[in-house]
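Peer 1: Residue numbers (the numbering used here): 495 to 750.
#1: DSSP state of residue 682, grouped into three classes?
#2: DSSP on residue 714, reduced to helix/strand/coil?
#3: Is it right to say residue 502 is buried, meaning 16 or more other beta carbons lie within 10 angstroms of its own, or is it exposed?
#4: Since residue 540 and residue 500 should fall inside the 8 Å C-beta cutoff, what is the C-beta to C-beta distance between them, to a whole number of angstroms?
#5: Give the DSSP bridge partners of residue 534, in chain order.
#6: Compare the Cα-Cα distances from residue 693 to each of 707, 718, 586 and report the closest residue.
#7: Residue 687 and residue 738 look like a contact to me (Cβ under 8 Å); what is the Cβ gap, rounded to whole Å?
#8: Do residue 684 and residue 734 have their C-beta atoms closer together than 8 Å?
#9: Inspect the CB distances between the region 585 to 597 and the region 643 to 662 and report whether three or more fall short of 8 Å.
#10: Tell me which residue opens and which closes the alpha helix (DSSP H) that residue 590 is part of.
#11: Thinking just about the alpha-carbon of each residue, which of 497, 577, 671 is nearest to the one in residue 513?
#12: DSSP three-state call for residue 540: helix, strand or coil?
#13: Starting from the Cα of residue 600, find the closest Cα among 623, 624, 652, 542 and give me that residue.
#14: In the DSSP assignment, find the beta strand (DSSP E) that holds residue 643 and state where it starts and stops.
#15: How long is the line joining the alpha carbons of residue 515 and residue 574, rounded to whole angstroms?
#16: Apart from the five residues on each side of it in sequence, which residues of its chain come closer than 6 Å, Cβ to Cβ, to residue 546?
#17: Compare the beta carbon distance of residue 689 and residue 741 with 8 Å and say whether it is the shorter of the two.
#18: Could you have a look at residue 691 and say whether DSSP puts it in helix, strand or coil?
#19: Restricting to Cα atoms, I'd like to know which of 505, 714, 607, 637 is closest to residue 645.
#20: Would you decide whether residue 677 is buried or exposed? Buried here means 16 or more other CB atoms lie within 10 Å of its CB.
#21: Among the candidates 510, 705, 506, whose CA atom is the shortest distance from the CA of residue 584?
#22: Exposed or buried, what is residue 588 when buried is set at 16 or more other beta-carbons lying within 10 Å of its beta-carbon?
#23: Determine which residues share a DSSP beta bridge with residue 564 and list them.
#24: Could you give the residue range of the beta strand (DSSP E) that holds residue 501?
Put into structure tokens, the structure is as follows:
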């Protein structure tokens, strides 16, 4: 069975997508899904440049253009330099997908202020900085899309993730505000809130599989998230903005 979002299409032909945290897992799936729709893709990673180049190779094998870029999303200067380089390389920007995040597990009494700031800088401040850096190009596109990421951590307030939950709640609020501010420029802004997704990161960190708590009885896949991103970025998302879309198998239907 074809992965969700990986059907061939042409809805993004002539468009350019910038995807952060795109070297693996959800970010990789998003980059591949947008390329399957014809987009040229800037594959952004903090440090996994070889993995990012692997994603670029996968995209080029599909017949689309792509390039890997490095940027630590906690560093405004690096974000601004990366955005400039992407726009110089591709000549435009239509789709901004801000997936990069830190998802640390630390009990509240062990979180230092430096830890707090590092997580909020990477997860929340980066959305502000990257959006500001890319806004002129998105305005010029005339039909720009911005996708941000919250998560079940913000929805449920999971143990040992106070800094992550705070940052993700902030993203939800910022997304709603951006949707209002940028609508006049034809820019739609929406937030994806994934539940427990089966990724190499999650397995490597030893996260508990909560499938028994999920009504659908399983973890989600990266390509199920990517399929929703592709839909929101395409014609089907033309009348959707300011929304937080929960993709969690029914883990919780209340929330932000």
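Glycine is no exception: its CB is placed at the ideal position from the N, C-alpha and C atoms.
These numbers were taken from a predicted model, which means no experiment stands behind them.
Peer 2: The relevant details are as follows:
#1: strand
#2: Looking at residue 714 - three-state DSSP - the assignment turns out to be strand.
#3: exposed
#4: About 25 Å separates the two Cβ atoms, so there is no contact after all.
#5: Paired residue(s): 510.
#6: 718
#7: In this structure residue 687 is in contact with residue 738, their Cβ atoms being roughly 5 Å apart against a cut-off of 8 Å.
#8: yes
#9: yes
#10: Per DSSP, residue 590 belongs to no alpha helix (DSSP H); it is in the beta strand (DSSP E), 589 to 591.
#11: 577
#12: coil
#13: 652
#14: First-last of the beta strand (DSSP E) with residue 643: 639 to 643.
#15: 16 Å
#16: 517, 537, 539, 562
#17: yes
#18: strand
#19: 714
#20: exposed
#21: 510
#22: buried
#23: 539
#24: Where residue 501 is concerned, there is no enclosing beta strand (DSSP E), given that its DSSP letter is neither H nor E.
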